[in-house]
Each structure stands twice: as C-alpha cells, then as structure tokens.
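To keep things clear, I will list the structure first and then write my remarks on it.
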Amino acid sequence: MKKIAVIGCGAAGMMAALTAAESGAGVTIFEKNEKPGKKIYITGKGRCNVTNACDVEEYFSYVRRNPKFLYSAIYSYDNSAVMDFFESNNCHLKVERGDRVFPVSDHSSDIIRTLYDAVKRAGVKVEFNTTVMSVEASGGEFSAITYASGDDPVTREEFDACIICTGGLSYPSTGSTGDGYEFAKSLGHTIKEPLPSLVPFEIKESWCKDLQGLSLKNVGLKMFAEGGKNSKKPVYDGFGEMLFTHFGISGPLVLTASSYYDKDKASRLLLDLKPALSVEQLDKRVLRDFEENLNKQFKNSLGALFPSKMIPVMVKLSGIDPEIQVNAITKEERLAFVNLIKAVPMTITGTRGFNEAIITRGGVSVKEINPSTMESKLVKGVFFAGEVIDVDTETGGFNLQVAWSTGHLAGVQSTISNEE
Ligand SMILES: Cc1cc2nc3c(=O)[nH]c(=O)nc-3n(C[C@H](O)[C@H](O)[C@H](O)COP(=O)(O)OP(=O)(O)OC[C@H]3O[C@@H](n4cnc5c(N)ncnc54)[C@H](O)[C@@H]3O)c2cc1C
Numbered sequence: 027m028k029k030i031a032v033i034g035c036g037a038a039g040m041m042a043a044l045t046a047a048e049s050g051a052g053v054t055i056f057e058k059n060e061k062p063g064k065k066i067y068i069t070g071k072g073r074c075n076v077t078n079a080c081d082v083e084e085y086f087s088y089v090r091r092n093p094k095f096l097y098s099a100i101y102s103y104d105n106s107a108v109m110d111f112f113e114s115n116n117c118h119l120k121v122e123r124g125d126r127v128f129p130v131s132d133h134s135s136d137i138i139r140t141l142y143d144a145v146k147r148a149g150v151k152v153e154f155n156t157t158v159m160s161v162e163a164s165g166g167e168f169s170a171i172t173y174a175s176g177d178d179p180v181t182r183e184e185f186d187a188c189i190i191c192t193g194g195l196s197y198p199s200t201g202s203t204g205d206g207y208e209f210a211k212s213l214g215h216t217i218k219e220p221l222p223s224l225v226p227f228e229i230k231e232s233w234c235k236d237l238q239g240l241s242l243k244n245v246g247l248k249m250f251a252e253g254g255k256n257s258k259k260p261v262y263d264g265f266g267e268m269l270f271t272h273f274g275i276s277g278p279l280v281l282t283a284s285s286y287y288d289k290d291k292a293s294r295l296l297l298d299l300k301p302a303l304s305v306e307q308l309d310k311r312v313l314r315d316f317e318e319n320l321n322k323q324f325k326n327s328l329g330a331l332f333p334s335k336m337i338p339v340m341v342k343l344s345g346i347d348p349e350i351q352v353n354a355i356t357k358e359e360r361l362a363f364v365n366l367i368k369a370v371p372m373t374i375t376g377t378r379g380f381n382e383a384i385i386t387r388g389g390v391s392v393k394e395i396n397p398s399t400m401e402s403k404l405v406k407g408v409f410f411a412g413e414v415i416d417v418d419t420e421t422g423g424f425n426l427q428v429a430w431s432t433g434h435l436a437g438v439q440s441t442i443s444n445e446e
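Every number in this note's numbering is 26 more than the matching position in the sequence shown, counting from 1.
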C-alpha cells in the first residue's frame, strides 16, 4: 500500500486525502491547527460559498491567473461533482444569486463536518497540532517529511508521496502562513510573488474617510492602470455594491476590482454613482431637480440625488459654492457636476494586507507543476493542491472549486504516479 503524507487539513488537503485513501493509499494528514478546516469555517461570511453552479466552460472566465493550468483538474472533478459529493453525503445545498452554492443550513461547519467525516470513514489518519517543518527529496525524488508536535522532538518520517496543501498567506490566523512556499522553494521551485487579492483598496483622497460606514448599492466602478499600452481603456469595469472605510473602499465590487489591480502600475478609479443613466439622461434629471429647488442653496438641493452623508463631499468635489442659489448655477457648472456624478475620481495607493485578503495571488509557479497530475515537474512524488499554487479566481465559490478540483486530482495521481 502506498504511503502518502498530506500537509494541511483545509479544503484541498481533505479532498486530496479522501481521494488518495479511496484510491487505496494509506494516508496521513498533518495539520498545525487543533481541528480541520479553520479557513472553511469563515468562508462566505460563515455560510461557505462551496462552489459555483455555472456552466463549467464559464468557470474559466472567473479565473484571473492561469486558467488553462486548471483544465484537467476542473474537467476531471467539476462543480457538479462537488455538489454531488455533498448532496450524497446528506449535506444539502442551495443555489443563490450569481449561481453561488451554499449549504441549505447556511452553516460552513456542515461543509467541514461532511468532508471530515468522509475523510475519517476512508481511514485517513489525521495528526492535529502537528507542524510540518520540511519536505525532503534526494536525486529528484521525494523521500520524507519532518514534523513537530507540541514538545515532542522533531520527527522524520518517510512516505512514498507528499501532497502540499498548505494554502496561501491570507488570514494567517487560520493557519495559512505560507509554509508551502518555503517547502516548494527548498525543492527548487519558483514562487510567483504572493500578494493579497480580493482585498480592499487604500485610497489617497481624504474625503473617502469622511464617508466611512456608507455603503452604496448599484454603482459602477472603472479602474485604469497607467503605463499600459492603452491606459484609457479600463482594466476593470464593474457594477455592484461598495463600502467606504477609514482607509479607503471595500465591499464586493471593490474586492473583485482588486483581482485586476497591478501594484506596479499607478491606478485610479472612476466611480459612477448613477450607472443606469447616460450623461444626457442624468443631466435632464439634475436639471429637473434644480428647477424644483431654484431658490434653495446648492448644498440643500441634492437630497434626491445622493445619500445625505455624501452631499457635503459631492458639493466640495464639484467646486460650486455650496451657498449659491441653484438658479445662479451656470450650465457649464451643471454639466461638470453631472460628469462628476458619472465619474468620481479616486487614486489607489495600495491594497490592505494579507489579514484582510480573501485570497493570495501568486504562489508555486504553474510552469513547474504538471497540470494533468498536479505533480512537481522537478521532484517526483511531490504534489501541490489548492491556494499554494499560482492560481486565483474572483469571488463566487470559484476559489474553493480550485481547492476541490486540484485536491481531487492530486489525491488520485499521488497513488499512481510512481508506478508508471
Ligand atoms: C474570509 C474568507 C472568506 C472566503 N470565502 C470563500 C467562499 O465563500 N468561497 C470560496 O470559494 N472561497 C472563499 N475563500 C477562499 C478559500 O477559503 C480558500 O481559497 C481555500 O480555503 C483554500 O484552501 P486550501 O486548502 O488551499 O488552503 P487553506 O484552507 O488555507 O488550508 C491550508 C491548511 O494547511 C495548514 N498548514 C499550513 N502550513 C502547515 C504546516 N507547515 N504544517 C501543517 N499544516 C499546515 C493550515 O493550518 C490550514 O489548515 C475565503 C477566504 C477567506 C479568508
């Protein structure tokens, strides 16, 4: 019987271990935490958006980096397979807006329990409170891992194969502290710089802070990156909900935009507060509002256009005298104001850190992993699965699908690859 070590008892690790055990291997998971799936627990605001029910072809359009690398993994264990797994293990699922799939119970703990019960039933041994310290290889072939548990001396144990499922660097309190990158580096792998992604933006303009706590629904956001071939074309153009914070902006729309952000290019944003209206339509609307408030001061005429917290900011940004009577505002001033509402400018100074990033972009270079097996091209018997790999997606259940699919493929292949 092949003896396989899985490092990490998260989404990818549990799926890899389960599949390897079901394929006949003797599997041990090593997990530094005291329990399984600490990160799964906090996914989807505690509800776990376990996958996305979109057509499998559509899935790849949500993968921001290296979608082609995922073809074999996704096609061999796709979103329907994931849903079948949970449903057939009595964890019933529901599909919500945007094809996002959640457990009917709305409890991520049900996803963890279902998966962990299956892992245990398959005979996998799980060593909690055990930190893997190193992954050893000799002559281009995996040999052993070393691990430490409590006050016990470091143990070295030989295995036939090892699956590295240590996650990235985001939310390090869940155990994902980038150890897998160190293991990969020590084996000769290239690590694409890990960066926070699906993460809030820090914004230069101080008026953002004045709006902290304000949430805007149904707004448009365009992001432009300087220095590209065509810096007039937005690198991101989206619609949805955002939130002002003490450092800048957050919310679903902003997190998605961050997937397209390049820290090496000065980037700016244009916020469209009325995306449903063209400039001409908005001008007519503003004109109508002004006509109804002709004798009011400008600052007191905007109640129908913006939430009250936003009015002083928009007045200031417009450059129009707040106390001027509406009937004294010129056509040019009004048109400039309309254009401002359609494109409020903001300058990105950076992203928040890993503590606030849903995922890590970057990781073990896909060029050095066989996409059909998840095995290292440099060291036989070493496999990678999940967020440790340089693949990242938008929000919507797509990142967990990466973990399920790559974990499944690595699990199956780890039991057969050395026998070829
Ligand atoms: C707040 C938040 C919400 C999210 N919501 C969603 C969502 O709803 N849907 C979605 O698709 N994705 C979501 N994600 C992303 C998703 O959770 C991750 O992409 C996914 O969990 C990655 O799985 P993984 O198994 O690769 O890594 P992880 O889940 O990070 O698991 C890695 C495991 O390895 C262990 N480990 C690390 N180093 C060692 C070591 N040296 N020795 C032993 N053990 C080690 C860690 O303790 C950890 O348990 C969310 C992420 C966050 C932070």
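For glycine and all other residues, C-beta sits at the position ideal for the given N, C-alpha and C.
Proximity to Val428 across Gly264, Met400, Ile442 and Val405 peaks at Met400, based on C-alpha coordinates. The alpha-carbon of Ser87 is positioned some 13 Å away from that of Phe95. In the DSSP annotation of this structure, the continuous segment of the beta strand (DSSP E) that includes Arg126 starts and ends at Arg126 to Pro129. Just measuring C-alpha positions, the residue of Ser102, Ala170 and Asn425 sitting nearest Val180 is Ala170.
A straight line joining the alpha-carbon of Gln351 with that of Glu317 spans about 11 Å. Burial state of Phe410 is buried, judged by a 10 Å Cβ sphere holding 16 or more other Cβ atoms. For the options Val280, Met159 and Gly50, the alpha carbon positioned closest to that of Gly246 is the one of Val280. Shown here, Gln238 sits in coil according to DSSP, grouped into three states, outside any helix or strand. In this chain, Tyr88 is not harboured by any beta strand (DSSP E), its DSSP state being neither H nor E.
Our two residues, Ile355 and Lys248, have alpha carbons roughly 29 Å apart in a direct line.
Taking the CA atoms as reference points, Asn321 sits about 14 Å from Asp347. Taking 8 Å as the cut-off, the Cβ atoms of Leu295 and Thr421 do not count as close. Annotation for Val438: the continuous alpha helix (DSSP H) segment containing it runs Phe424 to Ser440.
Annotated three-state conformation of Ser327 is coil, per DSSP.
Per the coordinates, the alpha-carbon of Leu361 lies some 26 Å from the alpha-carbon of Tyr262.
Scanning its chain for C-beta atoms nearer than 6 Å, with the 5 sequence neighbours on each side dropped, one finds around Asp125 the residues Asn78, Ala79 and Cys80, in chain order. Judged by DSSP secondary structure, Phe410 falls within the beta strand (DSSP E) whose first and last residues are Val408 to Phe410.
In this structure, DSSP gives Ser304 a state outside helix and strand, which the three-state scheme calls coil. In the same chain as Thr375, and ignoring 5 residues on each side of it, the C-beta atoms closer than 6 Å to its own belong to Glu228 and Lys230, in chain order. Taking the CA atoms as reference points, Gly50 sits about 7 Å from Thr441.
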